[in-house]
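Numbering (the working numbering), first residue to last: 81 to 337.
For each residue, glycine too, the CB sits at the ideal point set by N, CA and C.
This report concerns only the one structure given below.
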Amino acid sequence: MTVTQDRAACTISFNQSLYIDSIVECFGLGSARLSPTPIAHSTKLSKTQSPTTLEEQSTMAKVPYQSAVSSIMHATVMTRPDISHACQCVAQFMQNPGEAHWTAVKQIIWYLKGTRNLSLTLGGVSKSFDVTAWSNSNFAGHPDHGQSVSGYALFLGRGCFSWRSRKQTTTASLTSEAEYYAAHLCGCEVIWFCQLMKQIGFPLEAPTPFHVDSQAAIANMNSEQINGSNKHVKVSYHWIHKAVIEDQHIVTVNVPL
Numbered sequence: 081m082t083v084t085q086d087r088a089a090c091t092i093s094f095n096q097s098l099y100i101d102s103i104v105e106c107f108g109l110g111s112a113r114l115s116p117t118p119i120a121h122s123t124k125l126s127k128t129q130s131p132t133t134l135e136e137q138s139t140m141a142k143v144p145y146q147s148a149v150s151s152i153m154h155a156t157v158m159t160r161p162d163i164s165h166a167c168q169c170v171a172q173f174m175q176n177p178g179e180a181h182w183t184a185v186k187q188i189i190w191y192l193k194g195t196r197n198l199s200l201t202l203g204g205v206s207k208s209f210d211v212t213a214w215s216n217s218n219f220a221g222h223p224d225h226g227q228s229v230s231g232y233a234l235f236l237g238r239g240c241f242s243w244r245s246r247k248q249t250t251t252a253s254l255t256s257e258a259e260y261y262a263a264h265l266c267g268c269e270v271i272w273f274c275q276l277m278k279q280i281g282f283p284l285e286a287p288t289p290f291h292v293d294s295q296a297a298i299a300n301m302n303s304e305q306i307n308g309s310n311k312h313v314k315v316s317y318h319w320i321h322k323a324v325i326e327d328q329h330i331v332t333v334n335v336p337l
């Protein structure tokens with residue numbers, strides 16, 4: 081990893097271009113095409129695309145799928161939040177990957193190859209700790225079980241310092257419910273960061289703006305009671321009520337569609 085400090089701009093940047101080059105070379109994709117996105121919106125990866133015959137399994141056993149996924153996972157954990165969702169998708173098929181899954185992995189590497197110079201930059205001239213949080217979900221996006229995926233990103237100023245994409249363990253029956261689950265995951269990270277800043281002597285002076293693109297989910301987060309529309313939601317997810325209403329660590333912001 082290359083770390084670059086810009087004293088004039090008061091920023092520090094992290095870049096993994098050399099690591100990406102090593103991935104491209106390791107998996108023999110140096111002369112391959114580039115991809116404008118880490119995963120196409122139309123791509124639907126499923127267990128039905130996994131090998132079902134011994135011949136297919138024997139062919140895929142020669143493919144370095146697990147090694148490739150582990151390599152790109154390292155990149156997304158360290159400096160590349162833009163491939164977090166794509167990595168989450170391909171990581172679900174480590175035990176029995178198919179040709180379609182391998183093609184998706186190669187697309188991520190092609191994308192990294194074309195964007196190798198992108199850096200994760202933190203800092204800036206502002207002396208205030210302006211933290212903002214964004215959460216989202218794709219309702220019923222998993223073709224096998226109908227589960228949704230939660231995603232979030234936390235920013236300190238203009239720099240992203242925490243991100244995640246994870247398949248929801250509970251199957252949401254409504255779009256607003258999927259957004260609510262995603263908000264819960266993001267809210268846990270917000271509270272952790274608030275507590276961390278307090279422990280090191282930099283307590284946040286104002287609630288963290290929490291951006292959600294579902295008015296129904298925001299209404300549930302700000303509601304002081306469990307109503308008919310969300311009474312079936314697991315009690316653990318209603319923790320977000322306390323964070324918004326009682327502790328006031330979070331203030332919700334609607335994101336227009």
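Annotation for Gly203: Cys90, Thr91 and Ile92 place their beta carbon closer than 6 Å to its own, counting only its chain and skipping 5 residues before and after. Fully contained in the region 106-130 is no beta strand (DSSP E) run of length 3 or more. A straight-line Cα-Cα distance of about 15 Å links Ile103 and Ala184. In the three-state reduction of the DSSP assignment, Thr255 falls in the helix class.
Under the DSSP definition of a beta bridge, Arg246 partners with Ser230. Under the Cβ criterion (8 Å, minimum of three pairs), the region 282-295 counts as touching the region 251-270.
When the five nearest sequence neighbours on each side are left out, the beta carbons in the same chain lying within less than 6 Å of the beta carbon of Lys247 are those of Gln227 and Val229, in order along the chain. Proximity to Ala252 across Arg160, Arg238 and His222 peaks at His222, based on C-alpha coordinates. Beta-bridge pairing by DSSP links Leu200 to Phe94. Residue environment analysis places Gly231 among the buried positions, since at least 16 neighbouring C-beta atoms fall within 10 angstroms of its C-beta.
The continuous alpha helix (DSSP H) containing Val149 extends over residues Tyr145 to Met158.
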